[in-house]
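Asker: Order-wise, the sequence lines are chains A and B.
Residue numbers for the first sequence follow my numbering, so the first one is 140 and each next one is one higher.
Residue numbers for the second sequence follow my numbering, so the first one is 140 and each next one is one higher.
Number of protein chains: 2
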Amino acid sequence: MTGPRDIPVEDFRRAGTRVIDWITRYLSRPEEYPVLARVAPNEVRNALPASAPRSGESMDAILDDFEKIVVPGITHWNHPCFFAYFSITGSAPGILGELLSAALNVNGMLWQTSPSATELEEVAVGWLRRLLGLPEELEGVIMDTASVSTLCAIAAARHALSDLEIREQGLAGRPELPRLCLYTSDQAHSSVEKAAITLGLGTASVRKIATDDEFRMDVGELRKAISADKAAGHRPFCVVATVGTTSTTSIDPVPAIAEVCRREDLWLHVDAAYAGSAAAVPEHRAVLAGCGEADSTVVNPHKWLFTPIDCSVLYVREPDILTAAFSLVPEYLRTGVDDEIRNYMDWGVSLGRRFRALKLWMVLRAFGSDGIAERLREHIRLAQNLATRIDEHPDFERLAPTPLSVVCFRACPSALNAHEADATLNRFNEMLLEQLNASGEVYLSHTNLAGRYALRLAIGNLRTTERHVARAWELIQEVSDALVKEAAAR
Amino acid sequence: MTGPRDIPVEDFRRAGTRVIDWITRYLSRPEEYPVLARVAPNEVRNALPASAPRSGESMDAILDDFEKIVVPGITHWNHPCFFAYFSITGSAPGILGELLSAALNVNGMLWQTSPSATELEEVAVGWLRRLLGLPEELEGVIMDTASVSTLCAIAAARHALSDLEIREQGLAGRPELPRLCLYTSDQAHSSVEKAAITLGLGTASVRKIATDDEFRMDVGELRKAISADKAAGHRPFCVVATVGTTSTTSIDPVPAIAEVCRREDLWLHVDAAYAGSAAAVPEHRAVLAGCGEADSTVVNPHKWLFTPIDCSVLYVREPDILTAAFSLVPEYLRTGVDDEIRNYMDWGVSLGRRFRALKLWMVLRAFGSDGIAERLREHIRLAQNLATRIDEHPDFERLAPTPLSVVCFRACPSALNAHEADATLNRFNEMLLEQLNASGEVYLSHTNLAGRYALRLAIGNLRTTERHVARAWELIQEVSDALVKEAAAR
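#1: Any Cβ of chain A within less than 8 Å of the Cβ of E617 (chain B)?
#2: If you measure between the beta carbons of E360 (chain A) and I348 (chain A), is that distance less than 8 Å?
#3: Along the beta strand (DSSP E) that carries G279 (chain A), what are the first and last residues, could you check?
#4: Which residues in the same chain as L503 (chain A) place their Cβ atom closer than 6 Å to its Cβ, once the five residues preceding and following it in sequence are excluded?
#5: If contact is defined by three or more beta carbon pairs under 8 Å, each pair taking one atom from either stretch, is the region 502-522 of chain B in contact with the region 551-566 of chain B?
#6: Have a look at the DSSP bridge pairing and note the partners of C320 (chain B).
#7: Between the region 319-335 of chain A and the region 451-459 of chain B, are three or more C-beta pairs nearer than 8 Å?
#8: Name the DSSP bridge partner or partners of E536 (chain B)?
#9: Using the C-alpha atoms, what's the distance from T289 (chain A) back to W612 (chain A)?
#10: May I ask you to list, following chain order, the residues of the region 203-219 of chain B that have a beta carbon less than 9 Å from some beta carbon of chain A?
#11: So E669 (chain A) contacts chain B; which residues on that side make the cut at Cβ distance below 9 Å?
#12: Mind reading off the beta-carbon distance from N439 (chain A) to A419 (chain A)? Whole number of angstroms is fine, and I expect it under 8 Å.
#13: Please report the residue range of the beta strand (DSSP E) in which H558 (chain B) lies.
#14: Taking C-beta pairs closer than 8 Å, name the residues in chain B that Y471 (chain A) reaches, listed in chain order.
#15: Got a sec? Which residues, its chain only, sit under 7 Å from L259 (chain B) by beta carbon, not counting five neighbours each side?
#16: Which complete alpha helix (DSSP H) runs does the region 186-237 of chain A hold, if anything under 4 residues is left out?
#17: Which residue comes first and which comes last in the beta strand (DSSP E) that contains T436 (chain A)?
#18: Can you list the residues of chain A that D283 (chain B) reaches, using a CB-CB cut of under 7 Å?
#19: From F494 (chain B) to N246 (chain B), what distance separates their C-alpha atoms?
#20: Could you check if I519 (chain B) belongs to the surroundings of the ligand NAD, using beta carbon to heavy atom distance under 7 Å?
#21: Measuring alpha carbon to alpha carbon, tell me which of A:A311, A:E315, A:A223 ends up nearest A335 (chain B).
#22: Going by Cα to Cα distance, which pick from B:Q308, B:L249, B:L461 is closest to A176 (chain A)?
#23: Given that a residue counts as buried once 16 or more other Cβ atoms are within 10 Å of its Cβ, and exposed if not, what is R184 (chain B)?
#24: Which class does V420 (chain B) belong to by DSSP, given the choice of helix, strand or coil?
#25: Would you grab the beta carbon distance between L543 (chain B) and G383 (chain B) for me? Rounded to a whole angstrom, and I think it's under 8 Å.
#26: Considering just the uninterrupted stretch of the alpha helix (DSSP H) at I511 (chain A), what are its terminal residues?
#27: To the nearest angstrom, how far is the alpha carbon of E422 (chain B) from that of G272 (chain B)?
#28: When the Cα of A621 (chain B) is compared with those of B:A539, B:T604, B:D534, which residue comes out closest?
#29: Give the straight-line distance between the Cα atoms of P639 (chain A) and D150 (chain A), rounded to the nearest whole angstrom.
#30: Please name the residue, chosen from B:L338, B:A343, B:T342, that lies closest to G341 (chain A) on a Cα-to-Cα basis.
#31: Who are the Cβ neighbours of R355 (chain B) in its own chain at under 7 Å, not counting the five residues just before and after it?
#32: Pick from A:L277, A:D404, A:Q523: whose alpha carbon is nearest that of V262 (chain A)?
#33: If we count the other Cβ atoms within 10 Å of its Cβ and call it buried at 16 or more, is D434 (chain A) buried or exposed?
#34: With the cut-off set at 8 Å, would you say M630 (chain B) and G491 (chain B) are in Cβ contact?
#35: May I have the straight-line CA-CA distance separating A562 (chain B) from F506 (chain A), to the nearest angstrom?
#36: Taking H373 (chain B) as the query, report the chain A residues whose CB atoms sit under 8 Å from its CB, ordered along the chain.
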């Protein structure tokens, strides 16, 4: 080899074919792996040298180590019994979209640096908007994660306080500025609080509004909090509602919240990262009720729309506010067509932008709107069935409503003689989860609901079928029964 | 099809093979395409329907449209004559790493959600740290872009002002808080100012320190600005130095800046997004001189280290400050091993984290440290040769030093009879750039250097060889000569 060169293209073809073969086998039988990785801390790291090799190595050697060292340390989000957090799918069309994006390796910061990256992004977010029944006037942009989408939305909300000149003057060292208050429920995602930290608002400016017994924001409490803050001389500026909270997928009453925001002139941001996709199912379109009135809404196709991580779509009613908050165009980024086109670098924090629209576009085409609705409908049906079985079983109880595809429940075996709020039940369910996950057959996660330790079983993977949910439910009962017997024997 | 299903795996294999074949052909002859896309605004968008199809479509139909509609709107960053911005390479090993990441589709937010994602990240950033000769005690984390890495670094710097309790109390509505001042040069990347906006510091808190005649931060001016701010009752807290500015790749005197920061107790962040990689070349290791003392340094493997976009590595001296600034762990994200391992979600804004370490690890292995050094050395040699030719030509002049692989220059044809500062020269060079890029043979970008319109020719693609730079230089002369003749004929 002399001079600058990539590896030979024929090596790429050979290695690429090997990788496609490996993925084909992997995706056809993810059940052969334990769901949750079984490596000990530092096991993967210790299997690798401390420095890069001096000479380049063959792709075959690298792929051998990938299979031998990396794969055993993978927790298989593709496993049909991955039920933790939000169960997701990087579908085949999405994987190939990501592959093509990596090969093209364009930076879509400017329209000119790849018109297709910008325009396919406009097309894909437009398709998604129609699929979800959101109003035509909303404009979308793709970001990496909902954390960043929400951060940018709240930054736009802050910028909308135009009299305060925050972009120029900032927040610090200005005695005339009031405290800026942000409202969200006590069930909201941690990214809301993280955004408040990042934006310099502080956690103390986040009002965590109490929720009702179905974990939905209490709008009366919201109104009271806003009044109290105004009376105290603070400046309310933004409400973040959640459609599909992370713990229980509860859905805040967005229409009523929108009404409050309209009256109080507050920015309404809706975090519909997970549940927004459900609006693609005609009979579930109402999950996004009221979001058409929101100033911004985030939906993550990488959560429940079969798109490989990362892909988060932020819709905004007035993109001019978002771009006014973020746009900064140095000379070297000016182009002759800036007035005719959209430069997405102006829509957020990151200048560099991966071509994420391609995979989303390919997913939407490969499944079609009917195909997407059918799949999501089935996930919801599987979860509802499980909820019914849990409700029917005397030794189990649901701890939250199941509006979509996530079931929150716990074991409450009568043999334990435990009271409702007994710490015994929490310890029991913690052990239950630990043993379930150690089985390698399933992976569930947990949450805490009003002091009660709850197991979360989330359905969202395209490989999950009736059989897998049935097996999980069987295993949950088996492990619970065994734990009860163990306890009795002690 | 019944129930939830991905497309059949055999369809994936067939389509995957087609995509690998397409990429193989594409990477073996990117010169068949015009570098800069020739589509008109909205041409790509108008070629596509307004909604997603109702029924799913075949991968072949989708890939046909990819080739027919999307590719013509691509600006080819893989073209060996892509010399704009920073020229980059998504090398073959990196492409395959991205493909595997998409297939595994893990979210590396927690160690438990894929130990290999976390530990391979530790390994890859460790390898890179050694490759660049940075001190062993620096810890690294992979983010998407330098914009976000710098944002997080400055957020950590702000958090390090522990007496101010900014995480909890924020910046607004606190009369006791001083203005927080951030120092960077007038050549710094726009992401520094964007971070100041996002973090609520405001553009007015960014002190753009003047640079010397080689576009490097003037440390005397930095000292003066700090003193003036302290005298005015403001609170200096952070300096962002640049190793390889975006306009000219100038290198700020980091050792002297580090000395100021040490004395003034300021956080030093170094933006080495592009030029940091040069430290992999033993004889250029000095580009990172002083960075070992910085509190944080960002290097982007997706810029000049052959890794597909996006991959930005942030090194920090005290990760505890970064995690203290960002960590927020709700109940549903607690795991039993939190004390033994690292949960990278605590290291920045995004909770969701793509498995970016895999591609970086594969790139470092495939090329090896010697192979990387050899390739970067050649890029630098090509740029230095071009600089010499420009210097030797009476009708061209360089407008900045060429420390690495980017050459800033302009045509100054004697026949134009233009003075040094003449707007005629600026207009001439603007036309020159426009015609060069319209040729489809090359793509250069521009900048403004002390009022002078400068062409930027950046070398950094693995397919760029002597021949391509020679052709670009030939074309530049041809187009310039033709423009001079045209001007004379008028």
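Glycine included, each C-beta is placed from N, C-alpha and C at the ideal position.
Please read all numbers here as calculations on a predicted model, not as lab measurements.
Answerer: In this structure, then:
#1: For this step, residue 617 (chain B) is matched to residue 478 along the second sequence. Not one chain A Cβ lies under 8 Å of E617 (chain B).
#2: Taking the first residue of the first sequence as 1, we reach residue 360 (chain A) at position 221. Taking the first residue of the first sequence as 1, we reach residue 348 (chain A) at position 209. Taking 8 Å as the Cβ cut-off, E360 (chain A) and I348 (chain A) qualify as a contacting pair.
#3: Within the first sequence, residue 279 (chain A) is the residue found at index 140, counting from 1. G279 (chain A) -> beta strand (DSSP E) spans 278-282.
#4: Taking the first residue of the first sequence as position 1, residue 503 (chain A) is located at position 364. Closer than 6 Å at Cβ, skipping near neighbours: W266.
#5: no
#6: Within the second sequence, the letter at position 181 stands for residue 320 (chain B). Paired residue(s): B:P375.
#7: no
#8: Counting from one through the second sequence, the residue named residue 536 (chain B) turns up at place 397. Answer is B:R549, bridged to E536 (chain B).
#9: Position 473 of the first sequence holds residue 612 (chain A). Position 150 of the first sequence holds residue 289 (chain A). Approximately 35 Å, taken between the alpha carbons.
#10: D204, F205, I208, V209, V210, P211, G212, I213, T214, H215, W216, N217
#11: Beyond the ends of chain A as shown, which are 140 and 629, falls residue 669 (chain A); an answer cannot be given.
#12: Mapped onto the first sequence, residue 439 (chain A) falls at position 300. Mapped onto the first sequence, residue 419 (chain A) falls at position 280. N439 (chain A) to A419 (chain A), Cβ: 13 Å. No contact.
#13: Taking the first residue of the second sequence as 1, we reach residue 558 (chain B) at position 419. From DSSP, H558 (chain B) is part of no beta strand (DSSP E); its letter is neither H nor E.
#14: Taking the first residue of the first sequence as 1, we reach residue 471 (chain A) at position 332. In chain order: Y224, T385, S386, S584, H585, T586, N587, R595.
#15: Position 120 of the second sequence, counted from the start, is the residue given in the question as residue 259 (chain B). Taken in chain order, the residues that qualify are A496, L497, W500.
#16: 198-204
#17: Counting from 1 along the first sequence, the entry for residue 436 (chain A) is found at position 297. It spans 435-438 - the beta strand (DSSP E) in which T436 (chain A) sits, taken as one unbroken run.
#18: For the purposes of this step, residue 283 (chain B) is taken as the residue at position 144 of the second sequence. The answer, in chain order, is D283, S489.
#19: Here the question's residue 494 (chain B) lines up with position 355 in the second sequence. Here the question's residue 246 (chain B) lines up with position 107 in the second sequence. If you take the alpha carbons of F494 (chain B) and N246 (chain B), they lie about 7 Å apart.
#20: With respect to small molecules bound, the structure shown includes none, and the ligand NAD cannot be examined in it.
#21: Here residue 335 (chain B) refers to the residue found at position 196 of the second sequence. If we check each option's Cα against that of A335 (chain B), A:A311 comes out closest.
#22: Reading the first sequence from its first residue, position 37 is the one you call residue 176 (chain A). If we check each option's Cα against that of A176 (chain A), B:L249 comes out closest.
#23: To locate residue 184 (chain B), count along the second sequence from 1; it is residue 45. Classification of R184 (chain B): buried, given that the 10 Å Cβ count is 16 or more.
#24: By one-based count along the second sequence, residue 420 (chain B) stands at place 281. Three-state DSSP puts V420 (chain B) in coil, outside helix and strand.
#25: As a working note, residue 543 (chain B) is residue 404 in the second sequence. As a working note, residue 383 (chain B) is residue 244 in the second sequence. Going by Cβ atoms, the distance from L543 (chain B) to G383 (chain B) rounds to 7 Å, so yes, they are a contact pair.
#26: Residue mapping note: residue 511 (chain A) aligns to position 372 of the first sequence, counting from 1. Its alpha helix (DSSP H) spans residues 496-531.
#27: Numbered from 1 along the second sequence, position 283 holds the residue referred to as residue 422 (chain B). Numbered from 1 along the second sequence, position 133 holds the residue referred to as residue 272 (chain B). C-alpha separation (whole angstroms): 12 Å.
#28: Working through the second sequence from its first residue, we reach residue 621 (chain B) at position 482. Comparing Cα positions, the closest option is B:D534.
#29: With chain A running from 140 to 629 in the structure shown, residue 639 (chain A) is simply not present.
#30: As a first step, residue 341 (chain A) must be located in the first sequence, where it is residue number 202. The shortest Cα separation from G341 (chain A) among B:L338, B:A343, B:T342 belongs to B:L338.
#31: In the second sequence, counting from the first residue as 1, residue 355 (chain B) sits at position 216. Excluding residues within five positions, the ones whose Cβ falls inside 7 Å are S389, I390, D391, P392.
#32: Translated into the one-based positions of the first sequence, residue 262 (chain A) becomes position 123. Among A:L277, A:D404, A:Q523, the Cα nearest to that of V262 (chain A) is on A:L277.
#33: On the first sequence, position 295 is the one that residue 434 (chain A) refers to. With 16 or more Cβ atoms within 10 Å of its Cβ, D434 (chain A) is classed as buried.
#34: There is no way to answer for residue 630 (chain B), as the model of chain B reaches only from 140 to 629.
#35: As a working mapping, residue 562 (chain B) is identified with position 423 in the second sequence. As a working mapping, residue 506 (chain A) is identified with position 367 in the first sequence. Taking the straight line from one Cα to the other gives about 56 Å.
#36: The count along the second sequence starts at 1 and reaches residue 373 (chain B) at position 234. Ordered by position in chain A, the residues that pass the 8 Å Cβ test against H373 (chain B) are G312.
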